[in-house]
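Engineer: The structure's right below; bear with me while I get my questions together.
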Amino acid sequence: MFSTFRSRLTVTYIVIIAVILSITGVFLSVFFKDYYFSSINSSLLHDARLVTEMIGYYDGQEDASKFFQQICLQAAHDTDTRVTIVDDQGKVLGDSSYKAEEMGIHKDRPEIYQALRNGNGMETRYSETAGVRMLYVAVGFEQGDLKGAARLARPLTEVEAFYHRVLYTLLLAVLLTGLLGAGISIAIAGRFSQPVVRITNAVVDMARGNLKRRIRYRGDDELGKLVSAINNMAEHLDHTIDEISTVKNRLEALLENTVNGIIMIDADNRMAYINPAATVLLGLNENPLGRKVIEVIKSYELLNLIDQVRAQTENRRQSIRIYSPDKKDMEVNVVPINEGDREETISILVVMNDLTETRRLEQVRKDFVANISHELKTPIATISGFAETMLAEGNENAEHIEEFSTIIFEEAQRMKKMINDLLELSRLETGRPELNIRPINMVKLINDSIELIKIRNPVLKARIEFNKPAEMLWIDGDLDSVTNIIGNLLDNALNYSNEGGVITVTLEKQGEEGVKVSVQDQGDGIPEAELPRIFERFYRVDKARSRKTGGTGLGLAIVKHLVENHGGKLEVESYPGQGSTFSFTLPGCREDKKM
Numbered sequence: 026m027f028s029t030f031r032s033r034l035t036v037t038y039i040v041i042i043a044v045i046l047s048i049t050g051v052f053l054s055v056f057f058k059d060y061y062f063s064s065i066n067s068s069l070l071h072d073a074r075l076v077t078e079m080i081g082y083y084d085g086q087e088d089a090s091k092f093f094q095q096i097c098l099q100a101a102h103d104t105d106t107r108v109t110i111v112d113d114q115g116k117v118l119g120d121s122s123y124k125a126e127e128m129g130i131h132k133d134r135p136e137i138y139q140a141l142r143n144g145n146g147m148e149t150r151y152s153e154t155a156g157v158r159m160l161y162v163a164v165g166f167e168q169g170d171l172k173g174a175a176r177l178a179r180p181l182t183e184v185e186a187f188y189h190r191v192l193y194t195l196l197l198a199v200l201l202t203g204l205l206g207a208g209i210s211i212a213i214a215g216r217f218s219q220p221v222v223r224i225t226n227a228v229v230d231m232a233r234g235n236l237k238r239r240i241r242y243r244g245d246d247e248l249g250k251l252v253s254a255i256n257n258m259a260e261h262l263d264h265t266i267d268e269i270s271t272v273k274n275r276l277e278a279l280l281e282n283t284v285n286g287i288i289m290i291d292a293d294n295r296m297a298y299i300n301p302a303a304t305v306l307l308g309l310n311e312n313p314l315g316r317k318v319i320e321v322i323k324s325y326e327l328l329n330l331i332d333q334v335r336a337q338t339e340n341r342r343q344s345i346r347i348y349s350p351d352k353k354d355m356e357v358n359v360v361p362i363n364e365g366d367r368e369e370t371i372s373i374l375v376v377m378n379d380l381t382e383t384r385r386l387e388q389v390r391k392d393f394v395a396n397i398s399h400e401l402k403t404p405i406a407t408i409s410g411f412a413e414t415m416l417a418e419g420n421e422n423a424e425h426i427e428e429f430s431t432i433i434f435e436e437a438q439r440m441k442k443m444i445n446d447l448l449e450l451s452r453l454e455t456g457r458p459e460l461n462i463r464p465i466n467m468v469k470l471i472n473d474s475i476e477l478i479k480i481r482n483p484v485l486k487a488r489i490e491f492n493k494p495a496e497m498l499w500i501d502g503d504l505d506s507v508t509n510i511i512g513n514l515l516d517n518a519l520n521y522s523n524e525g526g527v528i529t530v531t532l533e534k535q536g537e538e539g540v541k542v543s544v545q546d547q548g549d550g551i552p553e554a555e556l557p558r559i560f561e562r563f564y565r566v567d568k569a570r571s572r573k574t575g576g577t578g579l580g581l582a583i584v585k586h587l588v589e590n591h592g593g594k595l596e597v598e599s600y601p602g603q604g605s606t607f608s609f610t611l612p613g614c615r616e617d618k619k620m
């Protein structure tokens, strides 16, 4: 009810006015009562003294009872009071309202007692004779041998009725004054509180984030200084928050897009922050924020490393391997962060760097060096051996010389092919070569490639079949590159086919634009574990068999790069004992470019 400044200010003003008016009213009431009663008392004393002066005219010759009764009646008429005259023994000599002889001794009356002793007396009490409360004032007199007191009495009902009327008038005036003061208080409180309300609303708006809001107030008083301070504070906060937001946005962009996985763990060992890279590295599908670290991280090595850093409060850097969801090699940096005054308030920052691909490439490099050394060592040893034999025999055995020369030539050709393939692969990997893009009739190209394979291999151990489409299919591509792709896939299929098998080449339309070429053999197939590596250099599933057939182990790696250079997609599907199917998809040719 009194939650606003205006209401509290209004109530405060009203309370102050009410208190002041109440105190003033009580003071005036008491003052008026005392003044009124004092005035009546003074008036009665004056009248009583006049009565005593009238008693002084008594000469002793007249009838005392009649004289005093006449004085009482005359004085009562003039003062509108009850007048009683008693002697010093308390005997009533006269009374304006009652017969004197019927009234008892009044010496014990307090006012008469005081008047006989002190000259005057006053008392307020209930009159048994009149049956009402009365105000009595008595004045002593001495007339020759006659002593006594003249007493005037006035009923308090009249006095109190008049006092109450005056009091009601006073209360009405106080009430009207209070209402007027309340109205003025409300108006003043509204005027005083209006700037405060504007300031409050502006500050609330600023607290909700609108730091562009400014307060307008004219004045050099305390409110003006407050408004100026608030405006300056808002401007400073706005500038500071803009700077913080800029830094925050940059930091968020850095954390969200970095390849390093970053995790922040709070003092309660719960996930406080995790970036997308860390989510991928840990294979998380749900938001882990707020969960216990042990519920999120499945690597014992990493959990143990975090516990060690929390216990020792020292940076640790270690290479670990995790197996969930996939096997990954990672370099992990774990850093303790003290976020409070107490040493036990420690958060943990974990930075993870995925080394899986680096380690794989390192292994590929090692395998490449080992493979090429082995691949070159074999033909060189063969050439060297047969050349040495030829030198030893001289011209004695022409048949052997011819046979050995043939073997040396074949091994030299094999080395030449290997070197050419390495150069081609190096050219493809070091940069995307320029392609001579033109429309290519895929049906004709596949037919020509099959015929070329048959010419190079007069005796084929597997039959090649071509499933031609119902229509001619065209692509935009480099003729030499596409020919190389199909030739390598056919050579690969022949190398891994069994005697009497069938190699099926299928050409089909792929979607709205594009063609798909599939080469399927009926060989031994490829184990699932070997599939991710078959496009690596020199990688062979059956190394002995491939070397025997003269393959270099570079054909599929070349095919992969050529397909990707054309914006295509290369796929393989294979099951042990059921053969393999290599497929690639290339963009099609627009109708207006077909020839």
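Position in the sequence shown (from 1) plus 25 gives the number in the working numbering.
For every residue, glycine included, the Cβ atom is placed at its ideal position computed from N, Cα and C.
Using 8 Å as the threshold, is the C-beta distance between Val-584 and Met-467 below it?
Structural biologist: Contact flag unset, no.
Engineer: Enumerate in chain order the residues of its own chain whose CB-to-CB distance from Asp-617 is below 8 Å, with the five nearest sequence positions on each side excluded.
Structural biologist: Interpretation of Asp-617 is limited by its pLDDT of 46, a score under 50 that renders its predicted location unreliable; the figure taken from the coordinates is listed afterwards. Excluding residues within five positions, none has a Cβ falling inside 8 Å.
Engineer: For Gly-526, which residues in the same chain have their Cβ closer than 6 Å to its Cβ, ignoring the five residues on either side in sequence?
Structural biologist: Same-chain partners within the cutoff: Ala-487 and Gln-547.
Engineer: Between which two residues does the beta strand (DSSP E) carrying Pro-483 extend?
Structural biologist: From DSSP, Pro-483 is part of no beta strand (DSSP E); its letter is neither H nor E.
Engineer: Return the bridge partner residues of Ser-599 from the DSSP annotation.
Structural biologist: Answer is Ser-605, bridged to Ser-599.
Engineer: Given a cut-off of 8 Å on the beta-carbon distance, is the pair Asp-505 and Ile-462 in contact?
Structural biologist: Their beta carbons are not under 8 Å apart, which means Asp-505 does not touch Ile-462 by this criterion.
Engineer: Assign Arg-316 to one of three DSSP states: helix, strand, or coil.
Structural biologist: Here Arg-316 sits in coil by DSSP.
Engineer: Measure the C-alpha to C-alpha separation of Thr-529 and Lys-493 and round it to an integer number of angstroms.
Structural biologist: So the two alpha carbons sit approximately 11 Å from each other.
Engineer: Would DSSP call Ala-175 helix, strand or coil?
Structural biologist: Three-state DSSP puts Ala-175 in a strand.
Engineer: Below 7 Å CB to CB, which residues in the same chain sit around Asn-66 once its five sequence neighbours on both sides are set aside?
Structural biologist: Met-147 and Val-162.
Engineer: Counting beta carbon pairs with one atom in the region 348 to 361 and one in the region 266 to 277, are three or more of them shorter than 8 Å?
Structural biologist: No: fewer than three Cβ pairs fall under 8 Å.
Engineer: Could you tell me how far apart the beta carbons of Ile-255 and Val-228 are, in whole angstroms, since I believe they sit closer than 8 Å?
Structural biologist: The Cβ separation is near 6 Å, so the contact holds.
Engineer: From what residue to what residue does the alpha helix (DSSP H) around Asp-505 run?
Structural biologist: Unbroken alpha helix (DSSP H) run through Asp-505: 504 to 521.
Engineer: What's the gap between the Cα of Ile-475 and the Cα of Val-588?
Structural biologist: For Ile-475 and Val-588, the distance between alpha carbons rounds to 19 Å.
Engineer: Take Leu-177 and list the residues in its own chain whose beta-carbon comes closer than 6 Å to its own, dropping the five residues that flank it on each side.
Structural biologist: Around Leu-177: Leu-69, Asp-72, Ala-73, Thr-106, Val-108 and Val-162.
Engineer: Which residue from Tyr-325, Arg-295, Leu-327 and Ser-324 puts its Cα closest to that of Asn-312?
Structural biologist: Measuring from the Cα of Asn-312, the nearest candidate turns out to be Arg-295.
Engineer: What three-state label does DSSP hand Gln-622 in the structure shown?
Structural biologist: Residue 622 lies beyond the range of the chain shown here (26 to 620); nothing can be said about it.
Engineer: Would you call the region 127 to 146 and the region 45 to 57 in contact, with 3 or more CB pairs under 8 Å?
Structural biologist: No, because fewer than three Cβ pairs between the region 127 to 146 and the region 45 to 57 fall closer than 8 Å, the two stretches do not touch.
Engineer: Drop a sphere of 10 angstroms on the beta-carbon of Met-79, count the other beta-carbons inside from all chains shown, and report buried for 16 or more, exposed for fewer.
Structural biologist: Result: buried.
Engineer: At the level of alpha carbons, what is the spacing between Leu-470 and Glu-524?
Structural biologist: When rounded, the distance between both Cα atoms is 26 Å.
Engineer: I'd like to know whether the C-beta atoms of Arg-384 and Asp-354 end up nearer to each other than 8 Å.
Structural biologist: Yes, the pair counts as a contact, with Cβ atoms nearer than the cut-off.
Engineer: Indicate the three-state DSSP secondary structure (helix, strand or coil) for Met-620 in the structure shown.
Structural biologist: Bear in mind that a pLDDT of 48 at Met-620, under 50, signals an unreliable position, so the model cannot answer this.
Engineer: For Thr-531, which of Ser-608, Ile-551, Pro-601 and Leu-485 has the nearest alpha-carbon?
Structural biologist: Selected option, being the one with the closest Cα: Ser-608.
Engineer: Ile-224 and Leu-195: beta carbons closer than 8 Å?
Structural biologist: Contact: no.
Engineer: Helix, strand or coil, according to DSSP, for Ser-571 in the structure here?
Structural biologist: With a pLDDT of 48 at Ser-571, under the threshold of 50, the modelled position of that residue is not reliable, and the figure given next carries that caveat. Three-state result, Ser-571: helix.
Engineer: Using beta-carbon positions only, say whether Ser-90 and Ala-125 come within less than 8 Å of one another.
Structural biologist: Taking 8 Å as the Cβ cut-off, Ser-90 and Ala-125 qualify as a contacting pair.
Engineer: Taking just the CA atoms, how far does Thr-182 sit from Ala-140?
Structural biologist: Computed Cα separation, rounded: 24 Å.
Engineer: Does the distance from the CB of Gly-119 to the CB of Gln-94 come in under 8 Å?
Structural biologist: Taking 8 Å as the Cβ cut-off, Gly-119 and Gln-94 qualify as a contacting pair.
Engineer: Mind reading off the beta-carbon distance from Gly-550 to Gly-592? Whole number of angstroms is fine, and I expect it under 8 Å.
Structural biologist: The Cβ separation is near 29 Å, so there is no contact.
Engineer: Tell me which residues share the same chain as Val-544 and place their Cβ nearer than 6 Å to its Cβ, disregarding the 5 neighbours each side in the sequence.
Structural biologist: Cβ neighbours of Val-544 beyond the five flanking positions: Leu-514, Ala-518, Val-530 and Phe-607.
Engineer: Pull up the DSSP beta-bridge partners for Ile-287, would you.
Structural biologist: Note: Ile-287 sits in a beta bridge opposite Val-376.
Engineer: Excluding the 5 residues preceding and the 5 following Ile-158 in the sequence, name in chain order all residues of the same chain whose CB lies nearer than 8 Å to its CB.
Structural biologist: Correcting the residue type first, residue 158 is Arg in the shown sequence and not Ile. So the list reads Thr-149, Arg-150, Tyr-151, Ser-152, Pro-180, Leu-181 and Thr-182, once near-sequence residues are dropped.
Engineer: Quick check on the DSSP output: the alpha helix (DSSP H) that includes Ala-100 runs from which residue to which?
Structural biologist: Taken as a continuous stretch (DSSP letters only), the alpha helix (DSSP H) holding Ala-100 covers 89 to 104.
Engineer: For Glu-533, name the three-state secondary structure that DSSP assigns.
Structural biologist: It is a strand residue.
Engineer: Sorted by chain position, which residues of the same chain lie with C-beta nearer than 7 Å to Arg-572's C-beta, five sequence neighbours on each side aside?
Structural biologist: Here Arg-572 scores only 48 on pLDDT, less than 50, and its place in the model is too uncertain to base an answer on.
Engineer: Where Thr-35 and Arg-241 are concerned, what is the direct C-alpha to C-alpha distance, given to the nearest angstrom?
Structural biologist: Rounded to whole angstroms, Thr-35 to Arg-241 spans 24 Å at the Cα level.
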